[in-house]
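A short write-up of the structure that comes next.
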């Protein structure tokens, strides 16, 4: 493959691992990232892993003229994988207009440029948050999209609607929305991983930062849910498996295997793990003891969510290969590398 692919948000957590997967598959990659929630150091990590340096453009996708100029500079872009978005649920509640501008304006400006091409492939980074608390488990792609619990979730729903409407009027525009469950872990080299700025919003960085001593203890929000051990259940997927799914989705469009020009796939393992099970898995795979305490439930948390992966397995020909222990061990190796780098700088 020598197709040129744009990856927006390509220095972020999932984006950077997907860039690695694309480069290893022989794609040419151009990254757009405005570094608002990422670091330029990630580029060096990608290069170290792949021995290739993707083109990097520091562009804010909310600036329509910059997006237009980019596509004039790179007219041979064949496909776009669109990760760039703000993603903290709590922050979106406090600052909804920032989320609507950042997550929707950027999408619209990208799609407007892609409509000018004879043909274009578009992979959208979506989320299982669109399902809310699903009526039944596991969650299939046919599960109803519920009223969003947050402006962040709403931007993913509206984003999919915008892509659907665009696909209806342009048969040469082919798109896939990938609804992720809970991505965790890091590249086995520990050169790249999840790098939250400030207080982590996700469970795994909070676990690793607690285990290494950056935080006193982990708060487990509620142990009185109607689950086997009383804690919330999620479907945790290794980011390396998730990255590979983007390559497979892109190839599906390249090879004209799509059944319609807008498709949706759930990406998860198909297995739910409770918060306490994740803690036990972390302790087992790393040998580290994790201090935690049970606190009150957190507003907005759903009880359980895990994917029905049949459609992704059978139609995409993709399935997860890595297990929870492996993902948590890789997250711990990455956390130790982050601390080593910080100590080296100081």
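Numbering (the working numbering), first residue to last: 4 to 349. All C-beta atoms in this analysis are idealised placements derived from N, C-alpha and C, irrespective of residue type, glycine included. Note that the coordinates shown come from a computational prediction; the quantities given were computed from them, not determined experimentally.
If only complete runs of 4 or more residues are kept, the segment 186–238 shows the alpha helix (DSSP H) at 206–214, in order along the chain.
Sorting 249, 278 and 77 by C-alpha distance to the C-alpha of residue 239 places 278 at the top. The beta-carbon separation of residue 13 and residue 23, rounded to 10 Å, does not stay under the 8 Å limit for a contact. Residue 92 is positioned such that its CB atom lies closer than 8 Å to that of residue 303.
In the three-state DSSP reduction, residue 285 falls in the helix class (H, G or I). In the structure shown, the three-state DSSP call for residue 114 is helix. Counting other Cβ atoms within 10 Å of its Cβ, residue 38 stays below 16 and is therefore classed as exposed.
About 4 Å separates the CB atoms of residue 126 and residue 84; that is less than 8 Å, so the two are in contact. Annotation for residue 23: the continuous alpha helix (DSSP H) segment containing it runs 16–27. Residue state for residue 74 is assigned as helix, using DSSP reduced to three classes.
Separation of the CB atoms of residue 264 and residue 176 is rounded to 6 Å, and the pair is thereby assigned contact status at 8 Å. Taken atom to atom, the span from the alpha-carbon of residue 156 to that of residue 133 is near 6 Å. For residue 100, the uninterrupted alpha helix (DSSP H) run begins and ends at 99–103, by DSSP. About 7 Å separates the Cβ atoms of residue 269 and residue 142, confirming a contact at the 8 Å cut-off.
Residue pairing for residue 38: DSSP places it in no beta bridge.
For residue 67, the three-state secondary structure derived from DSSP is helix.
Residue 26 and residue 250 have their C-alpha atoms roughly 10 Å apart. About 3 Å separates the beta carbon of residue 196 from that of residue 337, a gap short enough to meet the 8 Å contact definition. The C-alpha of residue 30 is placed about 13 Å away from the C-alpha of residue 54.
Proximity of the segment 284–291 to the segment 140–154 falls short of the contact definition, fewer than three beta-carbon pairs being nearer than 8 Å.
In the structure shown, residue 266 falls within a strand segment according to DSSP collapsed to helix, strand and coil.
For residue 252, the secondary structure class from DSSP, reduced to helix, strand or coil, is helix. Residue 12 sits in coil when the DSSP states are folded into three classes, being neither helix nor strand. Residue 153 is not bridged by DSSP to any residue.
The three-state secondary structure of residue 82, taken from DSSP, is strand.
Here residue 237 is buried: its Cβ has 16 or more other Cβ atoms, across all protein chains shown, within 10 Å. In the displayed model, residue 43 falls within coil according to three-state DSSP, outside both helix and strand. Taking all protein chains in view, the Cβ of residue 81 is crowded by 16 or more other Cβ atoms within 10 Å, so the residue is classified as buried.
If you draw a straight line from the Cα of residue 224 to the Cα of residue 203, it comes to about 15 Å. DSSP places residue 241 within a strand segment (E or B) once states are collapsed to three. With contacts defined as CB atoms closer than 8 Å, residue 305 and residue 136 qualify as a contacting pair.
Shortest Cα-Cα distance from residue 243 to any of 122, 339, 191 and 114 involves 191.
A direct Cα-Cα distance of roughly 29 Å separates residue 222 from residue 311.
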